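Below is one structure; the comments refer to it alone.
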Amino acid sequence: MHVNSCGQQGKHRGDRVLGSARMLTLETAQGQHTSTGTRVPSLSHSSSGSSDLSEAEEAEIETIRQHREELLEDIKKLKEEIAQVFAEIEGFQNAEERQEADQNPGERTSKLSQRDKLLSVGRKKFNMDPEKGIQYLIEQQLLSSDLQEIAKFLHKGEGLNKTAIGNYLGRRDSKNIQILQAFVACHQFANLNLVQALRQFLWSFRLPGEAQKIDRMMEAFANWYCKCNPGVFQSTDTCYILSFSIIMLNTSLHNPNVKDKPPFERFVSINRGINDGADLPEELLKNLFDSIKNEPFSIPEDDGNDLTHTFFNPNREGWLLKLGGRVKTWKRRWFILTDNCLYYFEYTTDKEPLGIIPLENLSVRKVDDPKKPNCFELFNPNCKGQKIKACKTDGDGKVVEGKHQSYKISAATPAERDEWIEAIRTSITQNPFYDLVSARKKKIANRN
């Protein structure tokens, strides 16, 4: 059968590609050799400044380093081709199974098995690219194009990555906004206090980091909560502001990095006048405060345990030099910028990073260094002299807190330095909750 032959060809092609990738990986992992047979033990450290190497040997090491980079690039391309080949094989197999199922319409069990396989493929596609995943499920007639049905599918969430759900619901297309509203309406908020409703809502997806997405999602939540519980608040703006206050209270009370735990009186103070100019009943605020103090929100983690998914679609990646260590030295590291964090690795093939630098509330700027050109620096403009909130892996493989008050990094060229600075500035996010609450409080004040 044609499907069979295509599937076999795809499998043979995949085997060849996979074999090539393994050879290249092995060749890279074992280290490169000079033309005279001398092994170069490590290419991750610069050889400049070594007095025991001749110019010819240094030139040969540089040639090998470039060859290594080319090999790593080839491996990356081969991995992409492998993924494509396996997807083609899976498609051929699915087509063959569909043909067999059509020829045996009485075999209901086989059809159900086929449907489950296609549904599994659709969920995986959704977790990597939500828009394409939904499109695939509709094309395979596994999901209706009706927006209510899509919302119910997301709310059920079986096998779906909750970060992907949050990103999809946060899109500003009119279709996605309607799906968001239908998704929120899947929750039963009647007769629940605000903390109980937030627990249910924030467990069904992972709140994205962008302020505009958060604003749309919390607006939809406030509207639906007030519709389910009329008379609790004077307006949806009150519910919106108080919801953010509760989320920030949860962080302040349960984040170990926050030393100054807010008392109940402060919670009351920051929520004065938010009920259309009036204060909320203190008993209501006390119940909400105690609920969060006694039990923090459960925040869903990504379904995938492998960090590889985090680095699948980075904002930027490349080699940079980082100044660090007890004795300050420059070390070559592979950097990946994604999800408002800067990760660095010893090798491009490493799955686990050597260090993670969360970019929230940090700034970046160009700096001059007498020993290294094209430098830039990450620093905290509001807490000078304090350590940046970061972590790294020590020599024993344990994750420990970073000790940097700032991070100095060097790029290969001025253009690369400027591109990294621009990418980091775009990625850096101040905590968006404060700005959103401030804007909504101004709205209430102007209304009164």
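According to the numbering used here, the sequence shown is numbered sequentially starting from 34.
C-beta: ideal position from N, C-alpha, C; glycine also.
None of these values were measured; they are calculated from a predicted model.
Would you call V118 buried or exposed, if buried means 16 or more other Cβ atoms sit within 10 Å of its Cβ? Numbered from its first residue, the sequence shown carries residue 118 at position 85. By the 10 Å Cβ count, V118 comes out buried.
Close Cβ partners of N160 (< 6 Å) along its chain, the five nearest in sequence each way excluded: Taking the sequence shown and counting its residues from 1, the one referred to as residue 160 is at position 127. Same-chain partners within the cutoff: N194, A197.
Close-in-space but distant-in-sequence residues of the same chain around K476 (CB under 8 Å, 5 per side omitted): The residue labelled residue 476 in the question sits at position 443 within the sequence shown. If we look at K476 and ignore the five residues flanking it on each side, its Cβ neighbours are D270.
Which word fits G418, buried or exposed, when buried means at least 16 other C-beta atoms lie within 10 angstroms of its C-beta? For the purposes of this step, residue 418 is taken as the residue at position 385 of the sequence shown. With fewer than 16 other Cβ atoms within 10 Å, it is exposed.
Consult DSSP for C259 and reduce its assignment to one of helix, strand or coil. Translated into the one-based positions of the sequence shown, residue 259 becomes position 226. Note: C259 maps to helix in three-state DSSP.
Give me whichever residues DSSP pairs with T284 in a beta bridge. The residue labelled residue 284 in the question sits at position 251 within the sequence shown. According to DSSP, which records beta bridges pairwise, T284 is partnered with nothing at all.
Give the secondary structure of S439 by DSSP, where H, G and I count as helix, E and B as strand, and everything else as coil. Position 406 of the sequence shown, counting from 1, holds the residue named residue 439. Note: S439 maps to strand in three-state DSSP.
At the level of alpha carbons, what is the spacing between I454 and R349? Taking the first residue of the sequence shown as position 1, residue 454 is located at position 421. Taking the first residue of the sequence shown as position 1, residue 349 is located at position 316. Roughly 11 Å separates the two Cα atoms.
Using the Cβ count rule (16 or more neighbours within 10 Å means buried), how would you classify H66? Here residue 66 is taken as the residue at index 33 of the sequence shown, counted from 1. With a pLDDT of 43 at H66, under the threshold of 50, the modelled position of that residue is not reliable, and no figure is offered here.
In the DSSP assignment, the alpha helix (DSSP H) including S460 goes from what residue to what residue? Within the sequence shown, the letter at position 427 stands for residue 460. Taken as a continuous stretch (DSSP letters only), the alpha helix (DSSP H) holding S460 covers 447-460.
Nonlocal neighbours in the same chain, by C-beta distance under 6 Å from D312, ignoring five residues either side: As a working mapping, residue 312 is identified with position 279 in the sequence shown. Closer than 6 Å at the Cβ level, and outside the excluded window around D312, lie R305.
For K361 versus E410, is the C-beta distance shorter than 7 Å? Locating residue 361 in the sequence shown gives position 328, where the first residue counts as 1. Locating residue 410 in the sequence shown gives position 377, where the first residue counts as 1. Not closer than 7 Å, so no.
Here's the rule I'm using: 16 or more other beta-carbon atoms within 10 Å means buried, otherwise exposed. How should F388 be labelled? Start at 1 with the first residue of the sequence shown, and residue 388 comes out as number 355. Note that residue 388 is Gly in the sequence shown here, rather than Phe. Classification of G388: buried, given that the 10 Å Cβ count is 16 or more.
DSSP state of Y169, grouped into three classes? For the purposes of this step, residue 169 is taken as residue 136 along the sequence shown, with counting starting at 1. Three-state DSSP puts Y169 in a helix.
Thinking C-beta only, is Q173 closer than 7 Å to L151? Looking up residue 151 in the sequence shown gives position 118. Looking up residue 173 in the sequence shown gives position 140. Yes, they are a contact pair.
If you reduce the DSSP assignment to three classes, tell me which class T379 lands in. Along the sequence shown, read from residue 1 onward, the residue named residue 379 stands at position 346. Contrary to the premise, residue 379 reads as Glu rather than Thr in this sequence. E379: coil per DSSP, three-state reduction.
Cβ-based burial, G310 [other Cβ within 10 Å; buried from 16]: Position 277 of the sequence shown, counted from the start, is the residue given in the question as residue 310. Per the 10 Å Cβ criterion, exposed.
P241 and G199 closer than 7 Å at C-beta: Position 208 of the sequence shown, counted from the first residue, corresponds to residue 241. Position 166 of the sequence shown, counted from the first residue, corresponds to residue 199. Going by C-beta atoms, P241 is nearer than 7 Å to G199.
Does at least one heavy atom of the ligand ATP sit under 6 Å from the Cβ of I332? No copy of the ligand ATP occurs in the structure displayed, which carries no ligand at all.
From the DSSP output, in three-state form, read off E393 for me. By 1-based counting over the sequence shown, the position of residue 393 is 360. Residue state, collapsed to three classes: coil.
To the nearest whole angstrom, what separates the beta carbons of F285 and P296, a pair I think is in contact under 8 Å? The residue you call residue 285 lines up with position 252 of the sequence shown. The residue you call residue 296 lines up with position 263 of the sequence shown. According to the sequence shown, residue 285 is Ser rather than Phe. That belief does not hold up - the Cβ atoms of S285 and P296 are roughly 11 Å apart, past 8 Å.
So what does DSSP say about I307, is it helix, strand or coil? Reading the sequence shown from its first residue, position 274 is the one you call residue 307. When DSSP states are grouped into helix, strand and coil, I307 belongs to the coil group.
Looking only at its chain, what residues have a beta carbon closer than 6 Å to the beta carbon of Y201, apart from the 5 residues adjacent to it on each side? Residue 201 sits at position 168 when you count from the first residue of the sequence shown. Same-chain partners within the cutoff: P163.
Could you spell out where the beta strand (DSSP E) holding K189 opens and where it closes? For the purposes of this step, residue 189 is identified with residue 156 of the sequence shown, where counting begins at 1. It is not in any beta strand (DSSP E) - K189 instead sits in the alpha helix (DSSP H) that spans 180-189.
Under the assumption that K246 contacts G203 (Cβ atoms under 8 Å), give the Cβ distance between them as a whole number of angstroms. Walking along the sequence shown from the start, residue 246 turns up at place 213. Walking along the sequence shown from the start, residue 203 turns up at place 170. At roughly 3 Å, the Cβ-Cβ gap stays under 8 Å, so K246 and G203 are in contact.
Assuming L227 and Y258 make a contact with CB atoms under 8 Å, what is their CB distance in whole Å? The count along the sequence shown starts at 1 and reaches residue 227 at position 194. The count along the sequence shown starts at 1 and reaches residue 258 at position 225. Contact flag correct, Cβ pair sits at about 7 Å.
What three-state label does DSSP hand K355 in the structure shown? Locating residue 355 in the sequence shown gives position 322, where the first residue counts as 1. It is a strand residue.
How many whole angstroms separate the CB atoms of W363 and W352, which I take to be in contact at a CB cut-off of 8 Å? Numbered from its first residue, the sequence shown carries residue 363 at position 330. Numbered from its first residue, the sequence shown carries residue 352 at position 319. Wrong, their Cβ atoms sit about 12 Å apart, outside the cutoff.
Between the beta-carbon of P333 and the beta-carbon of R239, is there less than 7 Å? Against the sequence shown, residue 333 aligns to sequence position 300. Against the sequence shown, residue 239 aligns to sequence position 206. Their beta carbons are under 7 Å apart, which means P333 touches R239 by this criterion.
If I measure Cβ to Cβ from H315 and keep anything under 7 Å in the same chain, skipping five residues before and after, which residues do I get? Numbered from its first residue, the sequence shown carries residue 315 at position 282. A quick correction: the sequence has Glu, not His, at residue 315. Contacts found: V301.
Whole-angstrom distance between R98 and T250, CA atom to CA atom: The residue you call residue 250 lines up with position 217 of the sequence shown. The residue you call residue 98 lines up with position 65 of the sequence shown. Strictly speaking, residue 250 in this sequence is Met, with Thr absent from that position. Looking at the two C-alpha atoms, the distance is approximately 49 Å.
Considering only the alpha carbon of each residue, which of T382, L225, F322, F254 lies closest to K112? Within the sequence shown, the letter at position 79 stands for residue 112. Of T382, L225, F322, F254, the residue nearest in Cα terms is T382.
K110: buried (16+ other C-beta within 10 angstroms of its C-beta) or exposed? As a first step, residue 110 is located in the sequence shown; it is residue number 77 there, counting from the start. That one is exposed.
Close beta carbons around F378, own chain, < 7 Å, minus the five adjacent residues each side: Position 345 of the sequence shown, counted from the start, is the residue given in the question as residue 378. Answer for F378: R366, W367, P386, L387, listed in chain order.
Paired residues, beta bridge with C374 - DSSP: What you label residue 374 is simply residue 341 of the sequence shown in a count that begins at 1. For C374, which the question treats as bridged, DSSP gives the partners T371, P391.
Does DSSP put R349 in a helix, in a strand, or in coil? Stepping through the sequence shown from its first residue, residue 349 is reached at position 316. The answer is strand: DSSP assigns R349 an E or B state.
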